[in-house]
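Letter by letter, the sequence shown follows residues 1 to 403 in full-length UniProt numbering.
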Amino acid sequence: MKLNNNQTWEQVAKAESLPTLLLDAIDYLPLLYQEQSLPESQLQERLAEIYREYRRSHTYWQTEEELVYGAKVAWRNSTGCIGRIFWETFNVRDLRHLATAEEIFEAIVDHLYQATNGGNIRSTISIFAPVAPGQPGIRIWNSQLIRYAGYRQPDGSIIGDPEQAEFTELCHRFGWKAQRTPFDVLPLVIQMPGQRPQWFELPKAAVMEVPIVHPDYEWFAELGLKWHALPALSNWRLEIGGISYSCAPFSGWYMSTEIGARNFGDEQRYNLLPAIAQRMGLNTGSKLSLWKDQALVELNRAVLHSFTACGVKIVDHHTASAQFMQHWQREAEAGRIVPADWGRIVPPMSASTMQVFHQEMQEICLKPNFFQQPAPWKRGSSDQPSSIPSALDDSQPKQCPFH
């Protein structure tokens, strides 16, 4: 007997036990239809369609509207992001039809151009094919689309970004070579389900970089610093209505402390504070001189000055904090809570001078959302059967493992 949509939906509603995927769909679809003011009758019809499709294939294909709004809500629910006030302006690119690593790479290069936008950066996400039932998903091995290599030296020091030293060594094993400078852009590594990873060199024109200079200290330019204009995370899984997208890189614009205090200032990263303090003539022999604090302020001033002078969008931590509190108020007026991780929201400098420092926050997981994925080459990662040990098996010919 063939059931109509209402009868099918009644069966779903009465079911005592439903798979997580359907439960998540049942949670998400009403949110979409309510917030977008869509007809209730269409909601029941759509849920019935999803239920029938799930019974056939153990999954369902989301409409473009479901995908686009889900990505925006995922940003709204992301507990670690201070810039969520702009969630409704998210530029969502539906690229689920692309089927090869080469096509995905070309789409990512286009993402870099579109998102960078000549410096007037636009928050953008590119969503590729969802994870199929029982199969690994598409993965980008890089933590971000643009990152600088880190080269371990015999004395234990690292040229470049220490955070990327392990990944840099993997890229070398794959056959990638570079100039070994502090700012070599890493290749993009893409792995299709069940296949070996492939690496691609990003075109220089697609990677906008900003030379870091200081408005007052001319010697700052002698440090030879620069940073890429676009922060673009690529190792997070997007989940919407029970459907997982393991390859959905997204980008926004920088808050200045992300570069100045973390990437440049952190002892575990470029660790530039001692060199800057020395050039400033500060007393680095005593903690009481607060030399780190003084150097950190000037480093962040340099970042803000340089990005602004080059016409590249950036936000300072005070403005970003005020925007977050404005977002908090807007969400309260809409009857929604703002899930937030206090430790990730509060900026890493001048924290107590901002209202976010004094704001109580609840770190709860709402869906749709983004979830960080383990590195594909790490032991125990179940995303891909062909991890680094098998991709570089000693029994294989000594050649580039991507070809």
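Backbone N, C-alpha and C fix where the C-beta goes; we use that ideal spot for every residue, glycine too.
Since this is a predicted model, take the numbers as computed values, not measurements.
Backbone secondary structure at residue i - three-state DSSP
i              : result
leucine 290    : coil
isoleucine 158 : strand
arginine 93    : strand
valine 303     : helix
asparagine 142 : coil
asparagine 369 : strand
glutamine 34   : helix
tyrosine 51    : helix
serine 256     : helix
tyrosine 69    : helix
lysine 177     : coil
histidine 327  : helix
alanine 101    : helix
residue 407    : This structure gives no information on residue 407, because the portion of the chain shown stretches from 1 to 403.
threonine 116  : helix
Same chain, Cβ closer than 7 Å to residue i, neighbours up to 5 away in sequence not counted
i           : result
proline 348 : Thr257, Ala261 and Arg262
alanine 178 : Ala149 and Asp184
leucine 282 : Ser289, Trp291, Gln294 and Ala295
Pairwise C-alpha distance: residue j and residue i
i                : j                 : result
histidine 58     : phenylalanine 250 : 27 Å
aspartate 316    : serine 234        : 24 Å
asparagine 271   : glutamine 44      : 56 Å
isoleucine 345   : isoleucine 82     : 5 Å
alanine 221      : serine 143        : 29 Å
leucine 18       : serine 352        : 47 Å
phenylalanine 90 : arginine 84       : 10 Å
leucine 223      : leucine 202       : 25 Å
isoleucine 158   : leucine 145       : 21 Å
glutamine 323    : tryptophan 75     : 15 Å
Contact set for residue i: own chain, Cβ-Cβ below 6 Å, skip 5 residues either direction
i             : result
valine 92     : Val68, Ala71 and Ile125
tyrosine 60   : Ile50, Glu53 and Tyr54
cysteine 400  : With a pLDDT of only 30 at cysteine 400, under the threshold of 50, the placement of this residue in the model should not be trusted; the figure read from the coordinates follows. Cβ neighbours of cysteine 400 beyond the five flanking positions: Gly175.
glycine 160   : Tyr148, Ala149, Gly150, Tyr151 and Pro182
aspartate 341 : Thr79, Gly80 and Glu363
Any non-hydrogen atom of the ligand SAM closer than 7 Å to residue i Cβ
i          : result
valine 297 : Looking for the ligand SAM in the displayed structure turns up nothing, as the structure carries no ligands at all.
Residues near residue i by beta carbon distance below 8 Å, same chain, minus five either side
i             : result
threonine 284 : Pro274, Ala277, Gln278 and Trp291
glutamine 268 : Pro162 and Glu163
glutamate 209 : Phe183, Lys226, Trp227, His228 and Ala229
alanine 115   : Asn91, Ile121, Arg122, Ser123, Thr124, Leu230, Ala232 and Ser251
Beta-carbon proximity of residue i to residue j, cut-off 8 Å
i              : j              : result
glycine 213    : alanine 302    : Sequence check: residue 213 is valine here, not glycine. The answer is yes: Cβ separation under 8 Å.
aspartate 24   : lysine 367     : yes
glutamate 363  : threonine 79   : yes
arginine 46    : leucine 29     : yes
tyrosine 245   : isoleucine 127 : yes
isoleucine 138 : alanine 129    : yes
Quiz item: Below 8 Å, can you find three or more Cβ-Cβ pairs linking the segment 298 to 313 to the segment 118 to 137?
Solution: yes
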